[in-house]
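K.L.:
Below you will find the structure I want to go over with you.
There are 2 protein chains.
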Amino acid sequence: MFRIPATWMRGGTSKCWVFEWDHLQVPGKTVDEVLLRLFGSPDHRQIDGVGGGTSTTSKAVILARSLSEDADVDYTFAQVGIDEQRVDWGSNCGNCSAVVAPYAIERGWVDAGQESTAVRTLNTNTNQLILQRVDTPHGALGDAGTQMIPGVPFPGMPVGMGFFDPAGRTTGALFPTGEPVEKLGFDGRQVTVTLIDAGAPVVIVEADAVGLTGHETAAEIDTRKELLVHLDDLRRDAAVQMGIATSRAGAERAIPKLALVARPEPGDKADIVVRMLSMGRLHPALAITGSVALTMAAQHKGTVLANLISSDVSAGVTMRTPAGLVQTWSEINDGVTVVGALRSARRIADAELLLPDTW
Amino acid sequence: MFRIPATWMRGGTSKCWVFEWDHLQVPGKTVDEVLLRLFGSPDHRQIDGVGGGTSTTSKAVILARSLSEDADVDYTFAQVGIDEQRVDWGSNCGNCSAVVAPYAIERGWVDAGQESTAVRTLNTNTNQLILQRVDTPHGALGDAGTQMIPGVPFPGMPVGMGFFDPAGRTTGALFPTGEPVEKLGFDGRQVTVTLIDAGAPVVIVEADAVGLTGHETAAEIDTRKELLVHLDDLRRDAAVQMGIATSRAGAERAIPKLALVARPEPGDKADIVVRMLSMGRLHPALAITGSVALTMAAQHKGTVLANLISSDVSAGVTMRTPAGLVQTWSEINDGVTVVGALRSARRIADAELLLPDTW
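The structure is reproduced here in structure tokens:
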């Protein structure tokens, strides 16, 4: 029997098993074979292993100190098959990413600062650098933390997940038209929009300008077919204005996204209320890339969003979404703008997983 | 942060977290509160804890060396609420019970024999003594084991789960009428049955005698409403014959159970094929109490079951059920008959669970 050290952590709204590469080396077996057996796959219940029988609980993150000068930690995400005898290495997971900085600090791979600690992480699935920032009062990770996020009823450590210099990655400029606001047609009239490219290209419209409050539920928006057609026409015109498509008909369904924004209710601690439309429907919360665009829009004078906000959003924006509050975060790191979202993570268990000699 | 030692084991078709009582003592908190927080409850996904979000994966077994002279280990089963802030201590779990003997041997609470080891366990939920027998070749638990059971696609250690002296617990006698076979009416004719009380009262009928092969699927039996009515009438008459009910109408739906038995296909390693009817429907496999009754019937000359079996069943019976093979086991322990089923168990992980200081 082999004993494989592993740590079980919640990252965002997922449960992730955290390994180090060295510990997954088993004579005569591939890493895929080892992960599948440890997780109890293939089996729809994963009843003989550590997998949870759902996609959000059949995940592994594998870490190593980075060989790159640009990063402290390299990490690789693995979606471990449940019914299928297959490990998918093709994409990163934004939830499990949040476990990397707390793990690296606890492991001593990064020296903790007296207030907070920045960890430079390299995701090897996507070759993307992500800056993570974690609170380390008095130079150490504290207790379980107090950060709440939508979808998780318990608090965790806040983990800032920041993208380096996200402006203009698709179009070459933060404001592809050169202006913080533009006019676009909506149902026969002109409305003011902000076209911004940060994290992803996003069209921002004040909800009031299209006859909405911005506080609507999914059912209240998704059932209004005519409204959705007008909003999609506006979104497609925006794609042309931003240089992403050459014609309205040629615009993709997924890019740009459309954000409807409004002032929060009095007393709400949110800076802004957001309803994001994605693929023609209301998003239940907010994609992380969309939250980056909204944060940079809030921080630039003259945008539709900045005009609605009176609070100081230089370090991040608190957004009310249908699922609850989403907090973003930004800083200047070595002269480079970093913008991202705040997630939460918690170490659930330190373990040794038992792998049979043969299977 | 508290670190709570725990072992994750599969027992039968469940995943069970195994604790020792001492380790669950946390100042200012009840054991219920500690278990609920460790499991991540209440939350339908248990995403911030070790629970799996299903009833078969939100279970704890708590052990201690026994204070009783009759047992080596006392164990208490806890069904930990998922959505509900509630721990249910009201019943035992036959699946999680199978982890007790392997844990006690690994922990050194019981000296291992050179071939196998018997562990006397006391379940405190039900105050029931259960004898468990585990293979210990050369005086130790081996690797993960090779025992397969229905519902689990991986092998585990075989664990015999035996009930002491199970005969006559409901009616006072193994054969309540004094005879190994009786005649009962079925659809206007007489059929031969065995009425037996061991583990639970069971009526055993040869499938052929009621126009079936005994190899039917659930759909093939559950859709034959008229057949089910005739079988239930026979079962109710049996209740009267066994002295469990005073009239056909007064018989309970659950007691006695009805077992249809048949010879296996040529080449099948099973001794017998069984279709158990429970609450008017085909049981997907076999309740452990039903398997005890069938085993004792197989071991007594003249019963419907013994007449169908030519192999030696003195140490147990291999039964083919709709879900696969179920193996039973029996022995004489200190002069007392012990009969039970073989389950399987596997140690999945040794862990320390992290409990926040406050929550």
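Protein chains in written order, with our numbering: chain S, 1049 to 1407; chain V, 1049 to 1407. We put the CB at the ideal spot given by N, CA and C, even for glycine.
Curious, which full-length beta strand (DSSP E) runs of at least 3 residues does the stretch 1168-1213 of chain S contain?
P.N.:
Fully enclosed beta strand (DSSP E) runs of 3 or longer: 1176-1183, 1195-1197, 1200-1212.
K.L.:
For chain V, find out if any of its Cβ atoms is closer than 7 Å to the Cβ of P1201 of chain S; answer yes or no.
P.N.:
Judged by the 7 Å Cβ criterion, P1201 of chain S is in contact with chain V.
K.L.:
Report the rounded CA-to-CA distance for R1395 of chain S versus S1362 of chain S, giving the unit in angstroms.
P.N.:
Going by the C-alpha atoms only, they are around 30 Å apart.
K.L.:
Is any beta-carbon of chain S found at less than 7 Å from that of D1091 of chain V?
P.N.:
D1091 of chain V counts as touching chain S.
K.L.:
Please list the partners that L1401 of chain V has in chain S, where partner means a Cβ-to-Cβ separation under 8 Å.
P.N.:
Correct list: I1396, A1397.
K.L.:
Closer than 7 Å, CB to CB, is D1183 of chain S near chain V or not?
P.N.:
D1183 of chain S does not count as touching chain V.
K.L.:
Please state the DSSP three-state secondary structure of D1323 of chain V.
P.N.:
It is Arg, not Asp, that sits at residue 1323 of chain V in the sequence shown. The answer is strand: DSSP assigns R1323 of chain V an E or B state.
K.L.:
Out of V:D1316, V:M1327, V:R1237, which one is the CA nearest neighbour of L1276 of chain V?
P.N.:
Taking only the C-alpha atoms, the option nearest L1276 of chain V is V:M1327.
K.L.:
Quick check: the Cα distance between G1210 of chain V and G1142 of chain S, rounded to an integer number of angstroms?
P.N.:
Approximately 49 Å, taken between the alpha carbons.
K.L.:
What residue does the alpha helix (DSSP H) around V1288 of chain S start on, and which one ends it?
P.N.:
Unbroken alpha helix (DSSP H) run through V1288 of chain S: 1273-1289.
K.L.:
Report, in whole angstroms, the separation of the C-beta atoms of T1385 of chain S and T1242 of chain S, which I expect to be a contact under 8 Å.
P.N.:
Their Cβ separation, rounded to whole angstroms, is 18 Å, which puts T1385 of chain S and T1242 of chain S out of contact at 8 Å.
K.L.:
Establish whether the CB of I1052 of chain S and some CB of chain V are separated by less than 7 Å.
P.N.:
With 7 Å as the cut-off, I1052 of chain S does not count as an interface residue toward chain V.
K.L.:
Are any of the Cβ atoms in chain S nearer than 7 Å to that of G1100 of chain V?
P.N.:
Answer yes: the Cβ-Cβ gap between G1100 of chain V and chain S drops below 7 Å somewhere.
K.L.:
For S1116 of chain S, which residues of its own chain have a beta-carbon under 8 Å away from its beta-carbon, when the five flanking residues on both sides are left out?
P.N.:
Correct list, in chain order: D1122, L1170.
K.L.:
Helix, strand or coil: how does DSSP classify D1398 of chain V here?
P.N.:
Correct three-state label for D1398 of chain V: strand.
K.L.:
Whole angstroms is fine: what's the gap from A1221 of chain V's alpha carbon to D1280 of chain V's?
P.N.:
So the alpha carbons of these two residues sit roughly 23 Å apart.
K.L.:
Drop a sphere of 10 angstroms on the beta-carbon of P1228 of chain V, count the other beta-carbons inside from all chains shown, and report buried for 16 or more, exposed for fewer.
P.N.:
Looking at its Cβ environment, which holds 16 or more other Cβ atoms inside 10 Å, P1228 of chain V is buried.
K.L.:
Please report the distance separating the alpha-carbon of T1174 of chain S from that of F1125 of chain S.
P.N.:
Distance between the alpha carbons of T1174 of chain S and F1125 of chain S: 10 Å.
K.L.:
Please classify W1377 of chain S as buried or exposed, where buried requires at least 16 other C-beta atoms within 10 Å of its C-beta.
P.N.:
Buried, by the Cβ-count rule.
K.L.:
I'd like to know whether the C-beta atoms of L1334 of chain V and G1262 of chain V end up nearer to each other than 7 Å.
P.N.:
No.
K.L.:
Can you give the beta carbon distance from I1052 of chain S to L1072 of chain S, rounded, assuming they're within the 8 Å contact cut?
P.N.:
With 8 Å as the limit, I1052 of chain S and L1072 of chain S qualify as a contact, their Cβ atoms being about 7 Å apart.
K.L.:
In or out: R1093 of chain S buried (at least 16 other Cβ within 10 Å) or exposed?
P.N.:
With 16 or more Cβ atoms within 10 Å of its Cβ, R1093 of chain S is classed as buried.
K.L.:
Note down the Cα distance separating K1063 of chain V from S1106 of chain V, rounded to an integer number of angstroms.
P.N.:
So the alpha carbons of these two residues sit roughly 8 Å apart.
K.L.:
Establish whether the CB of A1192 of chain V and some CB of chain S are separated by less than 7 Å.
P.N.:
By this cut-off, A1192 of chain V is an interface position.
K.L.:
Curious, which full-length beta strand (DSSP E) runs of at least 3 residues does the stretch 1116-1153 of chain S contain?
P.N.:
The stretch 1116-1153 of chain S contains these whole beta strand (DSSP E) runs: 1121-1128.
K.L.:
For the alpha helix (DSSP H) containing V1079 of chain S, name the first residue and the last one.
P.N.:
1079-1087 is the extent of the alpha helix (DSSP H) around V1079 of chain S.
K.L.:
If you drop the 5 nearest sequence neighbours on each side, which residues of the same chain put their C-beta closer than 7 Å to that of L1086 of chain S?
P.N.:
Same-chain partners within the cutoff: I1052, G1097, V1098, L1401, L1403.
K.L.:
When you compare only the Cα positions, how much space is there between R1134 of chain S and A1108 of chain S?
P.N.:
Those two C-alpha atoms are separated by around 13 Å.
K.L.:
By how many angstroms is the C-alpha of A1146 of chain S removed from the C-alpha of E1379 of chain V?
P.N.:
C-alpha separation (whole angstroms): 54 Å.
K.L.:
Just the C-alpha distance for L1177 of chain S and T1184 of chain S, rounded to the nearest angstrom, thanks.
P.N.:
Looking at the two C-alpha atoms, the distance is approximately 22 Å.
K.L.:
Closer than 7 Å by beta-carbon distance: list the chain S residues that pair up with R1058 of chain V, in chain order.
P.N.:
Within 7 Å Cβ-Cβ: I1095, D1096.
K.L.:
Would you say P1404 of chain V faces chain S, with C-beta separation under 7 Å as the test?
P.N.:
Cβ-Cβ to chain S under 7 Å: yes for P1404 of chain V.
K.L.:
Please check if any C-beta of chain S sits within less than 7 Å of the C-beta of M1205 of chain V.
P.N.:
Not one chain S Cβ lies under 7 Å of M1205 of chain V.
K.L.:
What residues from chain S crowd round K1063 of chain V, counting only those whose CB sits closer than 8 Å?
P.N.:
Per Cβ cutoff of 8 Å: I1095.
K.L.:
Could you have a look at E1230 of chain S and say whether DSSP puts it in helix, strand or coil?
P.N.:
Here E1230 of chain S sits in strand by DSSP.
K.L.:
E1274 of chain V: which of V:V1207, V:G1383, V:V1258, V:E1313 sits nearest, CA to CA?
P.N.:
The option with the nearest alpha carbon to E1274 of chain V is V:V1258.
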